[in-house]
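As structure tokens, the structure follows; a few thoughts come after it.
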Amino acid sequence: MGFALLNGEIIERSEAKVDVEDRGYQFGDGVYEVIRVYNGKLFTAAEHLKRFSKSAESIGISLQFSSKQLLEMVEELLKKNNLETGNIYMQVTRGIAPRNHVFPASNVTPTLVAYTIKSSRPIDNLKSGVKAILTEDIRWLRCDIKSLNLLGNLLAKQKASEKGCFEAIQHRGQDVTEGSSSNIFIVKDGTVITHESNNLILKGITKDVILDLCRKNNIPVIERTFSLTELDDADEVFLSSTTAEVMPVIEINGKIMKAGVPGKVTRKLQDLFQKEIEKQCGVLVS
Ligand code: PDD
């Protein structure tokens, strides 16, 4: 089981227990991050920790540790758990207090937890692409906060899973927003299009890496809302996340997209993304 980080201390994971009155447990009153690890090294750690602080701040939780301290603790945890390829999950909640919707007094310490998960790269899916369904986006209007409240996302993902699909692509009316745990991209006539980073989606770290790669490599890219019709008519569709990287989508709602195989621009971005990982974490063997 290895070790976990609890409020700044690395302890046996089996000892890391949640109090029944932890506000994360009762209300989902907290925020989280998932950081990818390749070759024992963190990928885009600074960006994730920055978003973590921003999410916490946006719901009025003051982290008891700086990003620098968090990075040091997480790196130590990685080493102690000998994690080569996998994820670090971390979350902070508003702490333990008698159940009350109103925030507790400011002397209640937030609960910070982190642990590691061994998980290999999804090589087969990256090569062949995945299937998705469409579902109405029923979530709240602050999807930019990486909140522990994931019920809307879970219901969407479960629906996809029951249909044998990898992801649920959410839409508000005609407008495509994002996946249940990923950002969505289309490619039309060589241009990459993805929803602008506003309150309706999570500003994905992977999304930002992809936008940057497009700009540096002269791949036309634009951040704007696109419609279900544009999705249906796209030359290529892919999704992105920390764990899924640049993942081709080859079928939506049972309809095979264009060629039914990962597209040219998607493949190019997969290549560039892999190079970016290797720049930060060393050569990938698989
Ligand atoms: N999910 N949108 C949503 C709703 C997400 O949950 C995620 C990530 C993303 C992609 O963000 P990033 O590229 O920073 O991982 C977009 C994580 C991986 C999860 O909940 O497991």
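Going by the numbering used here, the sequence shown runs without a break in its numbering and finishes at 289.
From the three backbone atoms N, C-alpha and C, an ideal C-beta is built for every residue, glycine too.
As the structure is a prediction and not an experimental result, all values here were calculated from the model.
Could you tell me whether the Cβ atoms of residue i and residue j are closer together than 8 Å?
i      : j      : result
Ser122 : Gly89  : yes
Cys284 : Phe55  : no
Ile213 : Val133 : no
Arg175 : Ile196 : no
Tyr92  : Arg16  : no
Thr114 : Gly27  : yes
Ile353 : Ser289 : Any question about residue 353 goes unanswered here, given that the chain covers just 4 to 289.
Ser243 : Val179 : no
Ile257 : Glu239 : For the record, residue 257 in the displayed sequence is Gly; it is not Ile. No.
Leu216 : Tyr41  : no
Thr194 : Ala171 : no
Ile136 : Ala163 : yes
Leu3   : Gly43  : With the chain covering 4 to 289 only, the question about residue 3 has no answer from this structure.
Glu181 : Ile189 : no
Ile222 : Val268 : yes
Let me make sure I understand the geometry here. Which of the options has the alpha-carbon closest to that of residue i?
i      : options                          : result
Glu151 : Gly33, Val23, Val286 and Ser289  : Correcting the residue identity first, residue 151 is Leu in this sequence and not Glu. It is Gly33.
Ser131 : Phe106, Arg54, Leu275 and Ala247 : Ala247
Gln173 : Leu205, Asp274, Val249 and Lys20 : Leu205
Ile38  : Lys71, Ser61, Ile208 and Asp25   : Ile208
Ser200 : Gly167, Asp147 and Glu36         : Asp147
Kindly list the residues whose CB is nearer than 6 Å to the CB of residue i, restricted to its own chain and excluding five residues on each side of it in sequence; keep chain order.
i      : result
Ala59  : Val34, Leu66 and Val95
Ala100 : Pro107 and Val111
Asn10  : Leu115
Ile141 : Gly155
To the nearest angstrom, how far is the alpha carbon of residue i from that of residue j?
i      : j      : result
Phe169 : Ser183 : 10 Å
Ile225 : Met260 : 21 Å
Arg30  : Leu8   : According to the sequence shown, residue 30 is Phe rather than Arg. Distance between the alpha carbons of Phe30 and Leu8: 22 Å.
Lys149 : Asn220 : 30 Å
Gln177 : Asn202 : 17 Å
Ala19  : Glu50  : 26 Å
Asp236 : Lys191 : 8 Å
Arg124 : Lys160 : 20 Å
Ser69  : Ala48  : 13 Å
Arg145 : Leu154 : 14 Å
His198 : Ser185 : 12 Å
Leu158 : Arg97  : 25 Å
Gln277 : Lys271 : 10 Å
His104 : Gly63  : 14 Å
Glu165 : Ser61  : 34 Å
Leu52  : Lys210 : 16 Å
Arg218 : Glu36  : 26 Å
Could you tell me which residues DSSP puts in a beta bridge with residue i?
i      : result
Asn90  : Arg39 and Ile120
His51  : Paired residues: none, contrary to the question.
His174 : Glu139 and Val179
Thr96  : Gly33 and Thr114
Pro265 : Partner(s): none; Pro265 has no beta bridge.
Phe229 : Val179
Val288 : BP columns for Val288 are empty, so no partner.
Between residue i and the rest of its own chain, which residues show a CB-CB distance below 8 Å, the 5 nearest in sequence each way excluded?
i      : result
Arg102 : Glu24 and Gln29
Ile13  : Phe6, Ala7, Met76, Glu79, Leu80 and Lys83
Ile255 : Lys134, Ala135, Ile136, Leu137, Ile172, Leu234, Asp235 and Val240
Excluding the five sequence neighbours on either side, which residues of its own chain have a C-beta within less than 7 Å of the C-beta of residue i, listed in chain order?
i      : result
Leu129 : Glu248, Met250 and Gln273
Ile280 : Tyr41, Phe46 and Leu287
Asp22  : Ile99
Leu275 : Leu216 and Asn220
Met4   : Arg16 and Ser17
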